[in-house]
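Visitor: Got a structure here, written out as structure tokens. Questions coming.
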Amino acid sequence: RFSHSFRGEALPPCCPRSHGQGQAGCAHSGGVKGPLAFWDSVGGCVRATVQGAGAERGPRGPSQSPPSRGAGSLSCLRLVSAHESGWKVFDVTEAVNFWQQLSQPRPPLLLQVSVQREHLGPLASGAHRLVRFASQGAPAGLGEPQLELHTLDLRDYGAQGDCDPEAPVTEGTRCCRQEMYIDLQGMKWAENWVLEPPGFLAYECVGTCQQPPEALAIKWPFLGPRQCIASETASLPMIVSIKEGGRTRPQVVSLPNMRVQKCSCASDGALVPRRLQP
Amino acid sequence: MTGEQLLGSLLRQLQLSEVPVPDRVDMEELVIPAQVRAQYVALLRRSHGDRSRGK
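Chains A and B, in that order, give the protein sequences. The numbering of the first sequence is my numbering, which starts it at 7 and goes up by one. The numbering of the second sequence is my numbering, which starts it at 33 and goes up by one.
As structure tokens, then:
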């Protein structure tokens, strides 16, 4: 929905915070702390990606060999479920150190922050106005760090609630919760054993989820195929007859995750974040 | 949700390996005590109120 880049600069602790300060003399002067902090007031999932040119990295972090220019990218990922307001801090020290080891002229250090949720609203889409770098407004310099902010409104990619009982489920049906009655009285094994309930509404999730368009999939490479799954479930209490010590007595049991409460579209197990409650 | 899944969950919860076969005579005399029914109803109410986040 919205994408924007901001220029910034990387300043090791030894360097005075002034423009025009060359970084070459500071590059090997010790460790550099690289926290990326932002205030989240929109909820949803926030994913921070740090990219720099160099050798391809796995999820375990940088390799021991020095990076070479243009060979790939470093990607440190953190997925944060943000259902409340507050600062979210990402330690990007590893990426900054990695980027500093690149031979000159090096490509820009690219920090990516992605916010995705249903019903994004003006707060998130206008979040770029709140992003500031110390050097913002200064002339662009080669190799300066950049912050990319992406937001994605997943409103059209979620489930639609309960299915329309009048409409048959087809391939084109959008993900929804459909009534499904489990008749315990009609099950042989439950006879004379399950005393309550005689049956219950279990519900099931049917239909398909809209997949992000190809263009979005490129920008959001971690957004896998979305599937219609049970995202919230409830337990089912039962009364069963149990034989103990030669006597039969009724006992209450509670079976978890027996009734579907809500269906959602999820990508690789990651739910579409819910709308914030007032 | 199928009957088999429900049965499997029930057996696991009760730590049973197979479906018990109660005596017909026992079942005819069986009465659900008030406190057991009250416990069942309380759980039923709670399960309608509380939601657990699954996958």
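Every residue, glycine too, gets a C-beta built ideally from N, C-alpha and C.
Would you list the residues sitting across from M244/A in a DSSP beta bridge?
Guide: V259/A
Visitor: Quick one: grab the DSSP three-state call for E36/B.
Guide: E36/B sits in a helix when the DSSP states are folded into three classes.
Visitor: Among M186/A, N198/A, R180/A and D170/A, which residue has its Cα nearest to the Cα of S247/A?
Guide: N198/A
Visitor: Give the straight-line distance between the Cα atoms of R56/B and A173/A, rounded to the nearest whole angstrom.
Guide: About 45 angstroms.
Visitor: Should G50/A be labelled buried (16 or more other beta-carbon atoms within 10 Å of its own) or exposed?
Guide: Since pLDDT at G50/A reaches only 43, below the 50 mark, its modelled position is unreliable, and no value is offered.
Visitor: Secondary structure at V68/B, three-state DSSP: helix, strand or coil?
Guide: helix
Visitor: Mind listing which residues of the stretch 235–259 of chain A have their C-beta closer than 9 angstroms to chain B's C-betas, in chain order?
Guide: Taking 9 angstroms as the upper bound on Cβ-Cβ separation, chain B lies near residues I235, A236, S237, E238, T239, A240, S241, L242, P243, M244, I245, V246, S247, I248, K249, R253, T254, R255, P256, Q257, V258 and V259 of the stretch 235–259 of chain A.
Visitor: Are the beta-carbon atoms of Q217/A and P231/A separated by less than 9 angstroms?
Guide: Yes, the Cβ-Cβ distance between Q217/A and P231/A is below 9 angstroms.
Visitor: Select from T254/A, M244/A, V266/A and C169/A the residue whose C-alpha is nearest the C-alpha of S260/A.
Guide: Checked all of T254/A, M244/A, V266/A and C169/A; the closest Cα to S260/A is M244/A.
Visitor: Note down, in chain order, every chain A residue with its Cβ under 9 angstroms from the Cβ of S79/B.
Guide: A240, S241, L242, P243, S260, M264 and R265
Visitor: Check whether the Cβ of S41/B lies closer than 9 angstroms to any Cβ atom in chain A.
Guide: yes
Visitor: Closer than 7 angstroms by beta-carbon distance: list the chain B residues that pair up with L201/A, in chain order.
Guide: In chain order: I64.
Visitor: CA-CA distance, C271/A and I188/A?
Guide: 24 angstroms
Visitor: Report all residues from its chain with a CB closer than 8 angstroms to the CB of E50/B; omit the five preceding and five following residues, and keep chain order.
Guide: Same-chain partners within the cutoff: L43.
Visitor: Based on Cα-Cα distance, which residue from P111/A, P262/A, E202/A and Q191/A lies nearest to V63/B?
Guide: E202/A
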